[in-house]
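Undergrad: Numbering (the numbering used here), first residue to last: 1 to 979.
Every residue, glycine too, gets a C-beta built ideally from N, C-alpha and C.
Sharing a structure here in structure tokens format.
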């Protein structure tokens with residue numbers, strides 16, 4: 001380690017402070033104010049000149065987040081000197097992870113400090129921490145992974161730019177044009193080269209083409225989706241040499257050198273490996289689907305599932321690895337349109353007229369779907385549906401000439417095609433452009449096969465799809481191996497052209513099974529301590545370690561069918577809570593109140609006020625709500641009103657569970673009630689005996705964060721961010737949570753730290769991190785001296801941006817509390833949406849699998865299939881229930897706490913046993929899991945009309961302001977309300 005010295009700081013800070021002053025006078029200053037502007041500018045300067053030698057102040061820089069973020073007027077004069085000394089001492093123990101490239105340029109800096117080009121430049125200069133070594137803890141074993149070793153040629157590849165005129169927007173058409181070009185010119189102009197093409201502007205070859213620039217004229221016959229006809233079009237194609245794609249950096253990475261991932265080289269290999277399959281399969285991202293892999297299964301509502309596979313090339317410790325995984329996807333059945341409409345409506349449409357609601361449902365389901373006509377024999381023109389007529393077919397007329405002579409659709413089809421429309425009471429499909437709308441009778445159209453269903457599935461369809469795609473590990477492994485064999489890479493002409501070979505065997509990987517942690521329960525129970533077996537246990541003979549007290553509770557029954565048994569259910573639930581170790585009054589404050597589901601607001605307010613009146617102003621502590629099994633928006637409305645309006649803690653129970661009372665169900669509900677009211681269910685024994693490394697030694701706060709995005713059919717809706725943080729130490733079991741809206745599909749959490757200018761109070765600081773730090777201090781009496789941050793839902797392509805932005809926000813939040821307050825941070829990304837699967841080395845060995853045939857809970861892998869240099873690991877912390885278990889992938893992006901591999905893996909695994917809602921270890925570390933639950937809950941807080949307002953506006957731009965969520969009541973946000 002070395003120190004960098006600053007001589008320019010006094011001069012530089014003068015010019016910046018003038019800018020800050022100027023910015024401060026602007027009343028329209030953004031919420032980021034001047035601090036991020038200053039800090040990001042300083043950070044960027046130091047990224048550009050990492051070796052700049054300066055002399056007045058000495059400070060080690062292992063990355064920009066260690067800068068101070070407060071204006072100079074807020075700092076203690078001695079702070080810089082003290083901080084630099086402590087940072088210098090700390091830097092001696094840090095690993096050499098501060099290597100930076102200095103080839104960063106930036107012309108412009110926006111006030112927010114988050115200009116996308118600047119982030120991109122800074123990203124290139126940041127290196128994630130190197131792996132500190134391999135874990136040793138646990139019982140060693142062998143597992144198989146769905147990774148296949150890939151060998152590549154050492155030769156560089158060639159990249160060419162492709163320009164097609166007139167411009168083509170369809171990737172399918174672009175590929176067809178280049179495919180025709182290759183067919184015609186491969187043996188001549190292309191010099192026998194077989195190129196691959198990405199469908200956009202990029203074409204790659206295994207060697208140089210005979211030219212650097214060439215124009216081609218290509219004639220293509222294709223369907224016209226507007227008119228339905230087939231026509232020939234001529235295209236001018238220009239192929240121009242762009243650059244060599246070097247394989248050197250990829251070889252360096254695979255050899256274990258810490259270099260940036262050569263994304264272009266990996267992309268080319270991906271394109272090569274999928275080129276042949278994409279010609280016969282339906283290609284969706286990195287997935288390939290075909291109805292021939294397995295017979296399509298009906299999902300209901302005119303949908304069917306197709307079997308397919310995922311394919312991606314990855315750099316790993318064993319070399320390049322091809323990751324193959326099985327997948328199922330919903331496709332639209334190739335049915336006659338009338339049959340499809342009957343299925344989505346669930347009723348006969350041949351004789352009964354359609355309601356307005358039916359028309360809306362049909363229009364939504366059919367818009368954008370491609371159909372072919374069936375009334376012209378073997379001539380099957382194809383069209384894309386743009387809408388649905390508001391009138392039935394028998395009432396539709398259209399002009400046949402410029403004199404506006406009208407003809408009915410029924411007469412036109414009879415005279416033109418000799419086709420008699422039978423179901424003239426149904427509306428017509430609208431196809432073609434808006435300028436020239438064509439009408440097609442439903443009965444004369446059939447849906448074209450191979451169209452993915454992009455809208456949301458209902459619960460029944462989701463259940464059917466999960467049932468189809470759910471496979472035991474042995475079956476999944478067999479299907480993956482069969483896919484590798486059928487892909488036949490050895491004889492693939494594109495793979496051969498580029499000198500790639502793929503092994504046909506699953507990777508054999510060394511793994512370890514981490515021991516389960518001892519759990520502590522209350523001393524009054526028969527079993528005070530417990531060691532879980534195979535990732536699960538129960539509450540028999542145990543009492544929760546900290547039972548909450550419920551003196552005042554009430555029940556609302558929204559289900560008519562169970563009025564007689566609701567009281568009996570409540571009594572049994574109360575008894576279970578008491579057995580579990582809670583103090584719980586036997587009787588509700590007022591008799592069970594029965595209400596209609598559409599009167600939820602009125603019922604809640606009545607019960608709330610009735611209890612308050614009876615108790616002389618005291619508040620209701622718990623509301624139990626019994627809901628119908630199919631309750632529509634009732635659950636969401638109830639949670640929104642309780643948590644943002646009335647400040648009530650509620651527990652919902654479905655009527656099917658009330659009918660058939662199950663003790664395990666009651667025990668799980670009791671656990672949820674306990675933590676919602678501030679209790680603890682269990683605690684790690686090591687936490688109470690101060691034995692958790694890098695947690696028990698000093699006050700430590702553990703954060704979890706996630707962002708949930710709306711489904712593809714909800715384009716105008718905002719994304720929801722949630723952050724939770726532990727509120728107890730050393731137990732690290734209770735988590736308070738905060739939520740906020742942010743622009744549509746924005747992954748960076750915007751409200752981690754905020755500062756704004758108040759006309760009366762000057763600069764005001766806020767944000768979720770700051771509020772949760774203050775909450776920790778209030779709850780424990782100490783400020784956190786270490787931060788562990790688990791971040792869920794980040795793809796690999798977003799690692800740099802998320803780390804730069806969110807670590808920066810954490811730093812600023814800490815500095816806003818106290819200028820010298822900068823606790824060390826460990827930032828870990830948690831990924832579940834990956835495609836690595838781990839299988840037992842011997843499926844018949846019962847000692848190496850759980851009951852479902854999956855690998856044992858606690859299985860951790862940090863070698864061979866993991867990143868060549870960075871600090872990541874796969875952890876299967878849960879026991880499988882059905883299907884094949886998916887391990888969580890943890891990637892340490894920042895580590896100032898210097899965790900060893902064993903320490904972070906063991907901590908993460910042990911925390912998975914503290915999940916509050918059940919007596920099982922869970923698949924994702926609880927703080928990340930809780931953040932996901934809180935974000936999902938917050939979607940109910942949006943006003944009911946938000947969706948409709950967004951749709952009527954036709955979408956929302958990212959820059960448009962997002963309506964904030966209603967604030968959580970104080971009583972709610974300090975407990976685990978989201979459980």
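#1: Skipping 5 residues on each side, what residues in its chain have a beta carbon closer than 8 Å to that of residue 172?
#2: For residue 988, which of 729, 765 and 736 has the nearest alpha-carbon?
#3: Distance, Cα to Cα, residue 389 vs residue 362?
#4: In angstroms, rounded to a whole number, what distance separates the CA positions of residue 258 and residue 876?
#5: Apart from the five residues just before and just after residue 474, which ones in its own chain have a Cβ nearer than 7 Å to its Cβ?
#6: Let me check understanding here. Comparing Cα to Cα, which of 214, 194, 445 and 423 lies closest to residue 207?
#7: What did DSSP end up calling residue 529 once you bin it into helix, strand or coil?
#8: If contact is defined by three or more beta carbon pairs under 8 Å, each pair taking one atom from either stretch, is the stretch 671-680 in contact with the stretch 632-643?
#9: At 4 residues or longer, what runs of the alpha helix (DSSP H) sit wholly inside the stretch 422-494?
#10: Taking the alpha-carbon positions, what's the residue 533 to residue 467 distance?
#11: To which residues does DSSP link residue 987 through a beta bridge?
#12: Tell me the DSSP bridge mates of residue 322?
#13: When the Cα of residue 851 is compared with those of 862, 880, 871 and 840, which residue comes out closest?
#14: Is residue 630 buried or exposed, if buried means 16 or more other CB atoms sit within 10 Å of its CB?
#15: Are the CB atoms of residue 340 and residue 302 within a distance shorter than 8 Å?
#16: Starting from residue 516, follow the alpha helix (DSSP H) in both directions and report where the run begins and ends.
#17: So the candidates are 495, 731, 163 and 391; which of them puts its Cα closest to the Cα of residue 271?
#18: Report the residue from 266, 528, 928 and 203 whose alpha carbon sits nearest the alpha carbon of residue 249.
#19: Keeping to the same chain, check which residues put their C-beta closer than 8 Å to that of residue 116; ignore five residues upstream and five downstream.
#20: Go ahead and pull the three-state DSSP assignment for residue 918.
#21: From residue 127 to residue 251, what does the alpha carbon distance come to, in whole angstroms?
#22: State yes or no: is the C-beta of residue 906 within less than 8 Å of the C-beta of residue 912?
#23: Using 8 Å as the cut-off, can you tell me whether the stretch 927-939 makes contact with the stretch 971-978, which would need three or more C-beta pairs spanning the two stretches below that distance?
#24: Could you check if residue 152 is buried or exposed, using at least 16 other CB atoms within 10 Å of its CB as the buried criterion?
#25: Give the straight-line distance between the Cα atoms of residue 428 and residue 705, rounded to the nearest whole angstrom.
#26: Classify residue 706 as helix, strand or coil using the three-state DSSP reduction.
#27: Report yes if the C-beta distance between residue 470 and residue 374 is below 8 Å; otherwise report no.
#28: Have a look at residue 620 and residue 687 and give me their C-alpha separation to the nearest angstrom.
#29: Rounded to the nearest angstrom, what separates residue 814 and residue 768 at their Cα positions?
#30: Looking only at C-alpha atoms, which of 536, 652 and 500 sits nearest to residue 269?
#31: Compare the C-beta of residue 321 against all C-beta atoms of chain B and say whether one is closer than 8 Å.
#32: Once the 5 residues before and after residue 889 are set aside, which same chain residues still bring their CB inside 6 Å of it?
#33: With three or more C-beta pairs closer than 8 Å as the rule, is the stretch 694-702 touching the stretch 558-566?
#34: Taking residue 778 as part of the alpha helix (DSSP H), name the residues at either end of that continuous run.
#35: Run through the stretch 781-862 for me and flag every whole alpha helix (DSSP H) of 4 or more residues, listed as ranges in chain order.
#36: In whole angstroms, give me the CA-to-CA distance for residue 522 and residue 761.
TA: Put simply:
#1: 199
#2: What the structure shows of the chain is the stretch from 1 to 979, and residue 988 is not part of that stretch, so it cannot be assessed.
#3: 11 Å
#4: 27 Å
#5: 843 and 853
#6: 194
#7: strand
#8: no
#9: 459-469 and 473-487
#10: 28 Å
#11: Only positions 1 to 979 of the chain appear in the structure, and residue 987 is not among them; the question remains open.
#12: 148 and 313
#13: 880
#14: exposed
#15: yes
#16: Neither: residue 516 is in no alpha helix (DSSP H) and is coded neither H nor E.
#17: 495
#18: 266
#19: Only weak support exists for where residue 116 lies, its pLDDT of 40 falling under 50; the value from the coordinates is given anyway. Excluding positions up to five away in sequence, the list is empty.
#20: coil
#21: 18 Å
#22: no
#23: yes
#24: buried
#25: 48 Å
#26: strand
#27: no
#28: 33 Å
#29: 11 Å
#30: 500
#31: As a matter of chain content, chain B is missing from the structure shown, which is built from one protein chain.
#32: 831, 834 and 874
#33: no
#34: 768-780
#35: 799-817
#36: 48 Å
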